[in-house]
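First up is the structure itself, then whatever we jot down about it.
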Amino acid sequence: MYERILKELTDKLIVTPEQAGKIGRFEKTAPFSLHWELKTLLYLGVLLLNVGLGVLIYEHIDTLGHTVLLIMIGLVCAGCFYYVIRYRKPFSNGEVESATPYYDYVLLLGCLSFLLLEGYWQYQYRIFGERYGLATFIPMVLFFVLAYLFDNRGVLSLAITALASWLGITVTPQELLSRNDFNSATITQTGVFLGVLLAAIVFTSERRDFKKHFSMTYLNFSVHLLMVSCLSGIIALDNWLVYVPLLALSVGSYLWLARQRQSFYLLVVAVVYAYIGLSYLFMETFPRLILEAYLLYYLFSGAAVVVMLINHKKILKTQRL
3 MYERILKELT
13 DKLIVTPEQA
23 GKIGRFEKTA
33 PFSLHWELKT
43 LLYLGVLLLN
53 VGLGVLIYEH
63 IDTLGHTVLL
73 IMIGLVCAGC
83 FYYVIRYRKP
93 FSNGEVESAT
103 PYYDYVLLLG
113 CLSFLLLEGY
123 WQYQYRIFGE
133 RYGLATFIPM
143 VLFFVLAYLF
153 DNRGVLSLAI
163 TALASWLGIT
173 VTPQELLSRN
183 DFNSATITQT
193 GVFLGVLLAA
203 IVFTSERRDF
213 KKHFSMTYLN
223 FSVHLLMVSC
233 LSGIIALDNW
243 LVYVPLLALS
253 VGSYLWLARQ
263 RQSFYLLVVA
273 VVYAYIGLSY
283 LFMETFPRLI
293 LEAYLLYYLF
303 SGAAVVVMLI
313 NHKKILKTQR
323 L
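Numbered according to the working numbering, the sequence shown spans residues 3 to 323.
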């Protein structure tokens, strides 16, 4: 990769051949970064530790007893929260670097342990009774506070997931849950509402210069919730009048966002969901075409999507060396 860039820089006389040679030798002898590999292993370790606690509960529940297991999980959770409070840095509206190399992972372990503790407590002692909304509301509030207080995107993702769960349980009627009828307009409308809400949070926080680095986390959830809900309205509810324009508006909005932020990820997501929606509309509008017509449609439309993504730099207006 760097050889091509160096060649272009040399051809444009931006760097001399001698400078290009020095840069090339440096790139060849530079140490290989294991940063993301180590982060992945640490996150995996946190998840495996929580899985191990769950297995411990399952296999030794009769031997240890419920109280002992609750105390063990509670101590892990309390120890994690004590650590992050003890070493936390002052709050800032911008991004805050981790106080220690393991700070974010300890916080994530504490949050997952809290979920395990709450879930086990509810399963064994029914502390919330049938109020399932409260069981998701408490971790939602806690995780949002912790995410902003300790500046952690992973915990923010947990908070948004808890928010989606809380809205789904609170908005959906109990009889709907008991019948497992998830083709409901209520759930689809809730997904659209949450997708728009998360996008609104992004614009508000960026306008007020408050935790702007959380934007992509919110947008990641927003784009999928909004697009999937629109497709659900079109396919499952067969409500084209409302959800086809809404899907078109959503795709257009996220294509604009992708261009503004020069985000290839948002571009790909918007294009893929748009392609799914258009393909479904095509199949439903022309249900009696011959097989060859459908094959030609997918052949040429798929090729058009590939060409579009290959030329994404022109769409996003990114600078090319």
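Using N, Cα and C, we set each Cβ at its ideal position, and we do this for glycine too.
Just checking, does the stretch 236 to 246 make contact with the stretch 265 to 273 on the three C-beta pairs under 8 Å criterion?
-> Counting C-beta pairs closer than 8 Å gives fewer than three between the stretch 236 to 246 and the stretch 265 to 273, which falls short of the contact rule.
Please report how far the alpha carbon of L280 lies from the alpha carbon of V198, in whole angstroms.
-> Locating residue 280 in the sequence shown gives position 278, counting from the first residue. Locating residue 198 in the sequence shown gives position 196, counting from the first residue. In a straight line, the C-alpha of L280 is about 22 Å away from that of V198.
Would you decide whether N182 is buried or exposed? Buried here means 16 or more other CB atoms lie within 10 Å of its CB.
-> Here residue 182 corresponds to residue number 180 of the sequence shown, with the count starting at 1. For N182, the predicted structure reports a pLDDT of 44, less than 50, and the residue's modelled location is therefore unreliable. The matter cannot be settled from this model.
Entirely enclosed alpha helix (DSSP H) segments - the stretch 92 to 156, minimum 4 residues | 105 to 127 and 134 to 152
Classify A238 as helix, strand or coil using the three-state DSSP reduction.
-> Counted from its first residue, the sequence shown places residue 238 at position 236. Coil at A238, not helix or strand.
Cβ-based neighbour list, D211, same chain, cut-off 7 Å, excluding 5 preceding and 5 following | Here residue 211 corresponds to residue number 209 of the sequence shown, with the count starting at 1. Excluding residues within five positions, the ones whose Cβ falls inside 7 Å are N95.
Go ahead and pull the three-state DSSP assignment for N313.
-> The residue given as residue 313 occupies position 311 in the sequence shown. Correct three-state label for N313: coil.
Use the C-beta contact count for E177: other C-beta atoms within 10 angstroms, 16 or more gives buried, fewer gives exposed.
-> Residue 177 sits at position 175 when you count from the first residue of the sequence shown. Residue placement at E177 is poorly supported in this model, since its pLDDT is 44, which falls under 50; the coordinates are not used for a value here.
Which of the three DSSP states, helix, strand or coil, is assigned to V17?
-> Counting from 1 along the sequence shown, the entry for residue 17 is found at position 15. In this structure, V17 counts as coil in the three-state DSSP scheme.
Boundaries (first-last residue) of the alpha helix (DSSP H) holding F288 = Counting from one through the sequence shown, the residue named residue 288 turns up at place 286. That residue, F288, is in no alpha helix (DSSP H); it is neither H nor E in DSSP.
Tell me whether T42 sits in a helix, a strand or coil according to DSSP, three-state version.
-> Mapped onto the sequence shown, residue 42 falls at position 40. Helix.
Count the other CB atoms within 10 Å of the CB of K24; is the residue buried (16 or more) or exposed (fewer)?
-> Sequence index remark: in the sequence shown, residue 24 carries index 22 (1-based). Classification for K24: exposed.
Report buried or exposed for Y107, applying the criterion of at least 16 other Cβ atoms within 10 angstroms of its Cβ.
-> Within the sequence shown, numbered from 1, the residue matching residue 107 stands at position 105. Y107 should be labelled buried.
Do L1 and V194 have their CB atoms nearer than 8 Å?
-> Residue 1 falls outside the range modelled here, since the chain spans only 3 to 323, and no answer is possible.
Go ahead and pull the three-state DSSP assignment for K214.
-> Stepping through the sequence shown from its first residue, residue 214 is reached at position 212. It is helical.
Spatial distance of Q126 from G156 (CA atoms) = Stepping through the sequence shown from its first residue, residue 126 is reached at position 124. Stepping through the sequence shown from its first residue, residue 156 is reached at position 154. Using only the alpha carbons, I get a separation of about 28 Å.
Between the C-alpha atoms of E294 and L160, what's the straight-line distance to the nearest angstrom?
-> Along the sequence shown, read from residue 1 onward, the residue named residue 294 stands at position 292. Along the sequence shown, read from residue 1 onward, the residue named residue 160 stands at position 158. Distance between the alpha carbons of E294 and L160 is about 46 Å.
Contact the stretch 254 to 263 vs the stretch 295 to 308: 3+ CB pairs below 8 Å | no
Three-state secondary structure assigned by DSSP to S265 | Indexing the sequence shown from 1 puts residue 265 at position 263. It is coil, neither helix nor strand.
How should G112 be labelled, buried or exposed, when 16 other C-beta atoms within 10 angstroms of its C-beta is the threshold for buried?
-> Taking the sequence shown and counting its residues from 1, the one referred to as residue 112 is at position 110. Burial check for G112: the Cβ neighbour count within 10 Å reaches 16 or more, so the residue is buried.
What's the gap between the Cα of L109 and the Cα of I75?
-> On the sequence shown, residue 109 is found 107 positions in, with the first residue counted as 1. On the sequence shown, residue 75 is found 73 positions in, with the first residue counted as 1. Their backbone Cα atoms lie some 15 Å apart in a straight line.
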